[in-house]
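Each residue of the sequence shown is one higher than the one before, starting from 9 at the first, in this note's numbering. All C-beta atoms, glycine included, are put in the ideal place defined by N, C-alpha and C. See structure below.
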Amino acid sequence: GWFTAKNLGRPANTLSQEAAQFVSADGHYMFFMRCENRSENGWDRGGCDLFMAYTEDSTWSVPQSFGATINSPAYEGMPCLSADNRELYFVSDREGGYGGLDIWVSHFEDGLWQLPRNLGPEINTAGDETAPYLHIDNNTLYFASNGHVGLGGSDLFFSRRTGDTTWSKAKNMGYPINTTADEISICVTIDGKEAYISSDRDSVMG
């Protein structure tokens, strides 16, 4: 079984909305989405932005915004960090996408996160692509979409890396993982033998 969930508390949590946290494979970095952000100049932060906190043991630092290189007045959320801490995948509806929410990636080079790049039409559609999860193999990307052909609503898909910046065409994970209900996120264990998914099928808790 599982222990009862505990609130992470401050400084990660505030009166704003924090969600979609992701802890790096080494356990030192936490990335998450904070919403209800506003900036005085009105352009360098949006309603939902990406933040990062650090820990050496069990105490998290005060989270810092990624700033205008990654965050924008558009939506940025649902971060996922590669196991080698070199690639940051996230969701945004910024200009330059294919419509709706798209998955983007930023690479860590020369000590800085670089300008994000859209993952392209093999992954993104005119619909919404959300909840990216890069497996520890660094070659398999899982995500949710309501734009690709599916079983109804939002389904879970995966794609394989074919090059440094290219991915195979997204493939539906099929039944029984996907149903006519909404499947909206997935996390796969290191050995690839189990997956935890979020779905509103047969929900008894609401």
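Beta-carbon proximity check, residue i vs residue j, cutoff 8 Å
i           : j           : result
residue 84  : residue 43  : no
residue 99  : residue 138 : yes
residue 91  : residue 144 : yes
residue 66  : residue 102 : no
residue 195 : residue 204 : yes
residue 179 : residue 166 : yes
residue 147 : residue 168 : yes
residue 163 : residue 202 : no
Element boundaries [beta strand (DSSP E), containing residue i]
i           : result
residue 29  : 26–31
residue 164 : 163–168
residue 134 : Per DSSP, residue 134 belongs to no beta strand (DSSP E) and is neither H nor E.
residue 145 : Careful: residue 145 lies outside any beta strand (DSSP E) and carries neither H nor E.
residue 115 : 110–117
residue 213 : From DSSP, residue 213 is part of no beta strand (DSSP E); its letter is neither H nor E.
residue 185 : Element bounds for residue 185: n/a, residue is neither H nor E.
residue 42  : 37–43
residue 205 : 203–207
residue 193 : 191–196
residue 106 : First-last for residue 106: undefined, no H or E at that position.
residue 61  : 56–62
Integer Cβ distance of residue i from residue j, believed to fall under 8 Å
i           : j           : result
residue 140 : residue 111 : 5 Å
residue 189 : residue 207 : 6 Å
residue 59  : residue 93  : With 8 Å as the limit, residue 59 and residue 93 do not qualify as a contact, their Cβ atoms being about 16 Å apart.
residue 63  : residue 36  : 6 Å
residue 106 : residue 133 : 6 Å
residue 33  : residue 61  : No, residue 33 and residue 61 are not in contact; Cβ-Cβ is about 16 Å, not under 8 Å.
At 3 residues or longer, what runs of the beta strand (DSSP E) sit wholly inside the stretch 70–98?
84–89
Whether or not the stretch 129–136 and the stretch 61–72 are in contact is what I'm after, with contact meaning three or more pairs of Cβ atoms, one per stretch, closer than 8 Å; do they touch?
Judged by Cβ distances under 8 Å, the stretch 61–72 makes no contact with the stretch 129–136, as fewer than three pairs qualify.
Determine contact between the stretch 26–43 and the stretch 76–93, defined as no fewer than three beta-carbon pairs at a distance below 8 Å.
yes
Inspect the CB distances between the stretch 152–168 and the stretch 114–123 and report whether three or more fall short of 8 Å.
no
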